[in-house]
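Residue numbers for the sequence shown follow the UniProt record's numbering, so the first one is 1 and each next one is one higher.
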Amino acid sequence: MPNASDRPVFRFAPSPNGDLHLGHALSAILNDEMARTAGGRFLVRIEDIDGSRARPEFEARILEDLDWLELDFERPVRRQSEHLDDYRAALDRLEAMGLVYPSFVTRAEMKAMVAEAEERGQTWLRDPDGAPLVPRLLMSEEEAATRIAAGEPHALRLDMDEALTRIPAQARSFAELDEGGNPHEKPCHPADWGDVVLARKDAPASYHLAVVVDDAAQGVTHVVRGLDLKRSTEVHRVLQDLLGLPAPRYHHHRLILGPDGRKLSKSEASTSLRALREGGATPADIRRTIGVD
């Protein structure tokens, strides 16, 4: 048996803002099975950095569901809320490199700018998730400091154009594993994401920043997650290279869709594992339903 440090590391990283659904079950089961096949480790990370939505009761229910599915994950689990200093240190490094700036554009202002442009017949550029790209409004450091000191809400964004001048060509691709486990280099187009948010007043780190710090801290070698997150890997590769962090291999699996053809969502009360379990479903039933029996 190889040393723990030599073994592949997989992870499942849910947010405790609702119950797990069938899509989560697919991701967790695939991580568990791939870890077993590779003789690796399977970790669970609780992504509770958003204190306004994370709830301890949902964390408890998530872990209970994973135990019910008979998944073999290591304990204790990592909680993002216990590692805020790690994210602050990463953000400080990016700031020291001159790659971070404060953005004061509000959602209302953004909505108005997009509406005005579209009324003129112009197309507003959007990121791969469909959100309009937020422009960088030029201001002096003194003005920005004054507005921050006054307590004005703002986000800290990555200067993507400048960041892309600091990284080598290999950070413009990532290793994607096919169904047979064979790696294929996939090109990245991180500029399509614009100046992504790295932190806000109510969130000490964005998903993009936290996930690359966490994966590196946990020694994750394989990131197995849904297809809806595939393009976000383009941002993660940029941050990994800027921060000198290792790049895992990736596998983006199919999504479980609802009757309306859309992916399942906690926010839309998609059928939860708990509800299915209480209705009499067994772990074997769940596996058959999602096609991994």
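A virtual CB, placed ideally from N, CA and C, is assigned to each residue, including glycine.
Taking one beta carbon from each stretch, the segment 232-246 and the segment 199-216 have 3 or more pairs nearer than 8 Å; the two touch. 8 Å or more divides the Cβ of Glu-47 from the Cβ of Ser-27. By the neighbour-count definition (other C-beta atoms within 10 Å, threshold 16), Ala-171 is a buried residue. With a minimum length of 4 residues, the unbroken runs of alpha helix (DSSP H) contained wholly in the segment 27-94 fall at 56-68.
Comparing alpha carbon positions, the residue from Ala-144, Pro-190, Ser-265 and Trp-193 closest to Gly-226 is Ser-265. Taking the Cβ atoms as the reference, Phe-58 lies roughly 6 Å from Asn-17, within the contact range of under 8 Å. The beta carbon of Val-44 is closer than 6 Å to those of Phe-12, Phe-73 and Val-77 in its chain, skipping five residues each way along the sequence. The three-state reading of DSSP puts Glu-185 in strand, counting E and B together. The alpha-carbon separation between Ile-167 and Pro-187 amounts to approximately 14 Å. Under the DSSP assignment, Ala-144 falls in the alpha helix (DSSP H) whose first and last residues are 141-149. In the same chain as Ile-62, and ignoring 5 residues on each side of it, the C-beta atoms closer than 7 Å to its own belong to Pro-14, Pro-16 and Leu-20, in chain order.
In the displayed model, Arg-126 falls within a strand according to three-state DSSP. Residue burial is scored here from C-beta neighbours: Glu-234 has at least 16 other C-beta atoms within 10 angstroms and is therefore classed as buried. Three or more Cβ pairs drawn from the segment 188-195 and the segment 128-136 lie within less than 8 Å of each other, which places the two stretches in contact. DSSP places Glu-119 in the uninterrupted alpha helix (DSSP H) bounded by 107-119. Between Asp-159 and Asp-202, the C-beta spacing is not below 8 Å.
Shown here, His-154 sits in coil according to DSSP, grouped into three states, outside any helix or strand. The Cβ atoms of His-251 and Leu-198 lie no closer than 8 Å to each other. If you look at Pro-283, you'll find it in the alpha helix (DSSP H) that goes 283-290.
In this chain, the alpha helix (DSSP H) harbouring Arg-274 covers 273-278. In the displayed model, Leu-20 falls within coil according to three-state DSSP, outside both helix and strand. If the five residues before and after Leu-69 are omitted, its C-beta is found closer than 6 Å to the C-beta atoms of Pro-283, all from its own chain and listed in chain order. Pro-8 carries a coil assignment under DSSP once its states are collapsed to helix, strand and coil. If you draw a straight line from the Cα of Glu-118 to the Cα of Lys-111, it comes to about 11 Å.
In terms of CA proximity to Pro-204, Asp-92 leads the group Val-114, Asp-92 and His-24. Taking the C-beta atoms as reference points, Val-100 is found nearer than 8 Å to Leu-156. Between Leu-229 and Asp-65, the C-beta spacing is not below 8 Å.
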